[in-house]
Amino acid sequence: ETGVTQSPTHLIKTRGQQVTLRCSSQSGHNTVSWYQQALGQGPQFIFQYYREEENGRGNFPPRFSGLQFPNYSSELNVNALELDDSALYLCASTVEGGAYYGYTFGSGTRLTVV
Amino acid sequence: KNEVEQSPQNLTAQEGEFITINCSYSVGISALHWLQQHPGGGIVSLFMLSSGKKKHGRLIATINIQEKHSSLHITASHPRDSAVYICAVSDSGGSNYKLTFGKGTLLTVNP
């Protein structure tokens, strides 16, 4: 399977709720990163998973957590949603050594917190 | 922490014009990426380069490692080139391949 698929494409949640966003990477991509993109801003690094372990994290609180599964899919979980969590969430996957082989991005999940 | 700056923030051109978007970064990198983002969010990877120059169709990307600077050029621009162009850099070293992004350049090409 080629490409990176994210689901859902759009989501509306209420402040305080929890949300799970999903990313399905192409076969062989053992590294996945998640990014948050606020309106009018560049994406900000949330965290990265490599072979099902978190191996890098940006400046995001612990209520942002993730999982990566052996089938190259991954999840981003956000607890206790806040209004400022409204953003486009992007995942990007790559093979090991991604700095040299490039990244494939999903189309993103647009999360609105009301 | 790498700082990535892009210029200009907004660019309006007439169809056929030659476009240049600039990117500078503050510390050493393993690679620089040029990405295109259309309304609705999806990001497409245009180029990844660590030295020299790459060309694909009407797009050309160059990088000067010593000056920590890269440019994306679009020749014979077309309205379908209208999008946000984002520069991102991969940190050098280690197994953490996170990208640090610039804020993007909004390009509008008018017919």
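Protein sequence lines, in the order shown, are assigned to chains A and B.
Per my numbering, residue 41 is the first one in the first sequence, and the count goes up by one each step.
Per my numbering, residue 219 is the first one in the second sequence, and the count goes up by one each step.
Here a beta-carbon is modelled for each residue, glycine too, at the ideal position from N, C-alpha and C.
Buried is the label assigned to LYS316(B), since at least 16 other Cβ atoms lie within 10 Å of its Cβ. Membership of ILE292(B) in the beta strand (DSSP E) is indicated by the continuous run 287-292.
A distance below 6 Å between beta-carbons, with the five flanking residues on each side excluded, links LEU324(B) to the following residues of its chain, in chain order: ASN228, VAL302.
No residue range can be given for SER67(A), since it is assigned to no beta strand (DSSP E) and is classified by DSSP as neither H nor E.
For a cut-off of 8 Å, the C-beta gap from PHE104(A) to VAL118(A) is around 6 Å, short enough to register as a contact. Listed in chain order, the positions of the region 105-132 of chain A with a beta carbon within less than 8 Å of a beta carbon of chain B are LEU128, LEU130, ALA132.
Interface annotation, GLN58(A): not in contact with chain B, CB-CB separation never under 8 Å.
In this structure, the alpha-carbon of TYR112(A) lies about 6 Å from that of ASN70(A). The continuous stretches of beta strand (DSSP E) do not include GLN58(A), and DSSP gives it neither H nor E. C-alpha of SER244(B) to C-alpha of HIS296(B): approximately 32 Å in a straight line. For PRO83(A), the nearest beta carbon of chain B is closer than 8 Å to its own beta carbon.
Within the same chain, Cβ atoms closer than 8 Å to the Cβ of PHE236(B) are found at HIS291, ILE292, THR293, ALA294, SER295, the five residues on either side in sequence being excluded.
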